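Protein chains: 2
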Amino acid sequence: MLSNSSKYALKAVLYLALHTDEINKIMVKDISERINVPKAYIAKLLQELSKRKIISSTKGPKGGFYLNASNRNETIMQIIEVIDGKKKLESCILGLEDCNEQKPCPIHRLISPSRSKMITLLETKTINDLATDLELNKTFLPV
Amino acid sequence: MLSNSSKYALKAVLYLALHTDEINKIMVKDISERINVPKAYIAKLLQELSKRKIISSTKGPKGGFYLNASNRNETIMQIIEVIDGKKKLESCILGLEDCNEQKPCPIHRLISPSRSKMITLLETKTINDLATDLELNKTFLPV
DNA sequence: ATAAAAACATGATATTAATCATATTTAAGA
DNA sequence: TCTTAAATATGATTAATATCATGTTTTTAT
Chain C
-9 MLSNSSKYAL KAVLYLALHT DEINKIMVKD ISERINVPKA YIAKLLQELS KRKIISSTKG
51 PKGGFYLNAS NRNETIMQII EVIDGKKKLE SCILGLEDCN EQKPCPIHRL ISPSRSKMIT
111 LLETKTINDL ATDLELNKTF LPV
Chain E
-9 MLSNSSKYAL KAVLYLALHT DEINKIMVKD ISERINVPKA YIAKLLQELS KRKIISSTKG
51 PKGGFYLNAS NRNETIMQII EVIDGKKKLE SCILGLEDCN EQKPCPIHRL ISPSRSKMIT
111 LLETKTINDL ATDLELNKTF LPV
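Chains C and E, in that order, give the protein sequences.
Just so it is clear: in the first sequence, position 26 is 16 by our numbering, and no numbers are missing.
Just so it is clear: in the second sequence, position 59 is 49 by our numbering, and no numbers are missing.
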């Protein structure tokens, strides 16, 4: 469903949500160790997220990646979109170009409600929402 | 969500459901043209499905692929499993090994209901069910 | 029996996604 | 202002999927 890249990106952003702010930044080396994703790989993803303003960063000594208040209000879907692109989650399950509500493919109506629901949730929930659940020990991130 | 291979396989099996039986078989060359998938590629997939008894085939002149009554009662999920493997659809969305109902990842509870629903539907609906919808023009397969 | 027509088995190539490497730019602090 | 520590930009390599090719086996019909 999600690419490895999106999974890694989400883990990284959640880690940033829990452990950083404008004052306390974290550098790629540390985040890589903490979420157990190769340094060079997660670095590339973080740079892309940073360029797209999903996360924040500063260069140089004492620099690193972090989330500001605005970043925390980004949704899960926005991260997925930056990394995987929008169409991936929304295209026809059989890959048919001309599948739609009016002329649905054999599987369309079957899974459409579940999938729409899922997409709406991903578009609604923010990083902050998920971080709060983690802080309350309602959810876990065993990396 | 599904690999190209699974998508092609599903299209092919649905085509077989509509156009073949024990008497009227179709050879890989024709099915390839009809569903618009490269011959050598779909051949490999059909051979795998045949080996796993999801579809039927006979060799030699007048031979080809077809569905028998038993084949028609296979579920969508069984096709996906043969081609993509089982875990692909059911593993944690963040790829976490230790994510489960008791210790869910931040996204688990969010999407779990929708995803379970989707999986159940795929496990329940048979080829025959989908073929019937197509025959009644309730759904379409614009390949 | 034999020739031809089909699937079957196996493996090769190409494309895409995942992973790794490194030179450049920026900012902090001495 | 110089050195160093960090992200950034870019590209190379590796691994996984997708795609293609071909010789082998089986079956039908002559």
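Note that the Cβ used here is the ideal one computed from N, Cα and C, for glycine as well.
Every value quoted in this text rests on a predicted model; they were computed, and no experiment measured them.
Would you call the region 32 to 52 of chain E and the region 60 to 73 of chain E in contact, with 3 or more CB pairs under 8 Å?
-> yes
Run through DSSP, which three-state label would SER(-5) (chain E) get?
-> Within the second sequence, numbered from 1, the residue matching residue -5 (chain E) stands at position 5. SER(-5) (chain E): helix per DSSP, three-state reduction.
Can the beta-carbon of ILE97 (chain C) be found closer than 8 Å to that of LEU4 (chain C)?
-> Mapped onto the first sequence, residue 97 (chain C) falls at position 107. Mapped onto the first sequence, residue 4 (chain C) falls at position 14. Not in contact: ILE97 (chain C) and LEU4 (chain C) (Cβ atoms no closer than 8 Å).
Distance, VAL133 (chain E) Cα to ALA33 (chain C) Cα | Within the first sequence, residue 33 (chain C) is the residue found at index 43, counting from 1. Within the second sequence, residue 133 (chain E) is the residue found at index 143, counting from 1. Using only the alpha carbons, I get a separation of about 40 Å.
In its own chain, which residues sit with a C-beta less than 6 Å from the C-beta of LYS78 (chain C), not counting the 5 before and 5 after it?
-> Counting from one through the first sequence, the residue named residue 78 (chain C) turns up at place 88. Result list for LYS78 (chain C): empty, nothing under 6 Å.
Return no unless some Cβ of chain C is closer than 8 Å to the Cβ of ILE83 (chain E).
-> Taking the second sequence and counting its residues from 1, one reaches residue 83 (chain E) at position 93. Yes - at least one Cβ of chain C is within 8 Å of the one on ILE83 (chain E).
So, are the CB atoms of MET(-9) (chain E) and ILE83 (chain C) less than 8 Å apart?
-> As a working mapping, residue -9 (chain E) is identified with position 1 in the second sequence. As a working mapping, residue 83 (chain C) is identified with position 93 in the first sequence. Contact: yes.
LYS34 (chain E) CB to nearest chain C CB: under 8 Å?
-> As a first step, residue 34 (chain E) must be located in the second sequence, where it is residue number 44. No, because no Cβ of chain C sits closer than 8 Å to the Cβ of LYS34 (chain E).
According to the neighbour-count rule (16 or more other Cβ atoms, all chains shown, within 10 Å of its Cβ), is LEU126 (chain C) buried or exposed?
-> Here residue 126 (chain C) refers to the residue found at position 136 of the first sequence. When all chains shown are included, LEU126 (chain C) counts as exposed.
Classification of GLU80 (chain C) by the beta-carbon crowding that lies within 10 angstroms, buried from 16 upward | Translated into the one-based positions of the first sequence, residue 80 (chain C) becomes position 90. Exposed: under 16 other Cβ atoms inside 10 Å.
For GLN68 (chain E), count neighbouring C-beta atoms within 10 Å of its own C-beta (all shown protein chains included) and say buried if the count is 16 or more, exposed if not.
-> Walking along the second sequence from the start, residue 68 (chain E) turns up at place 78. Buried, by the Cβ-count rule.
Nearest-angstrom Cβ-Cβ length linking LEU8 (chain E) and LEU124 (chain E), presumed shorter than 8 Å = As a first step, residue 8 (chain E) must be located in the second sequence, where it is residue number 18. As a first step, residue 124 (chain E) must be located in the second sequence, where it is residue number 134. The pair is a contact, with the Cβ atoms about 6 Å apart (cut-off 8 Å).
Selected residue, minimal CA-CA separation from PRO94 (chain C), among E:LEU120, E:TYR31, E:CYS95, E:ARG24 | Along the first sequence, read from residue 1 onward, the residue named residue 94 (chain C) stands at position 104. It is E:LEU120 whose Cα lies nearest to the Cα of PRO94 (chain C).
Euclidean distance between Cα positions of ILE109 (chain C) and ILE13 (chain E) = In the first sequence, residue 109 (chain C) corresponds to position 119, counting from 1. In the second sequence, residue 13 (chain E) corresponds to position 23, counting from 1. If you take the alpha carbons of ILE109 (chain C) and ILE13 (chain E), they lie about 44 Å apart.
At a Cβ threshold of 8 Å, is ASP74 (chain C) touching chain E?
-> Position 84 of the first sequence, counted from the first residue, corresponds to residue 74 (chain C). Chain E, which has no Cβ nearer than 8 Å to the Cβ of ASP74 (chain C), makes this no.
Going by CA-CA distance only, name the one from E:LEU131, E:SER(-5), E:GLU91 that's closest to LEU39 (chain E).
-> Sequence index remark: in the second sequence, residue 39 (chain E) carries index 49 (1-based). LEU39 (chain E) has its Cα closest to that of E:SER(-5), out of E:LEU131, E:SER(-5), E:GLU91.
Roughly how many angstroms separate the alpha carbons of GLY54 (chain E) and ARG105 (chain C), rounded to a whole number?
-> Along the second sequence, one-based indexing puts residue 54 (chain E) at 64. Along the first sequence, one-based indexing puts residue 105 (chain C) at 115. Computed Cα separation, rounded: 36 Å.
Would you mind telling me which residues of chain E sit closer than 8 Å to ARG62 (chain C), beta carbon to beta carbon, in chain order?
-> By 1-based counting over the first sequence, the position of residue 62 (chain C) is 72. None at all; the shortest Cβ gap to chain E is about 14 Å.
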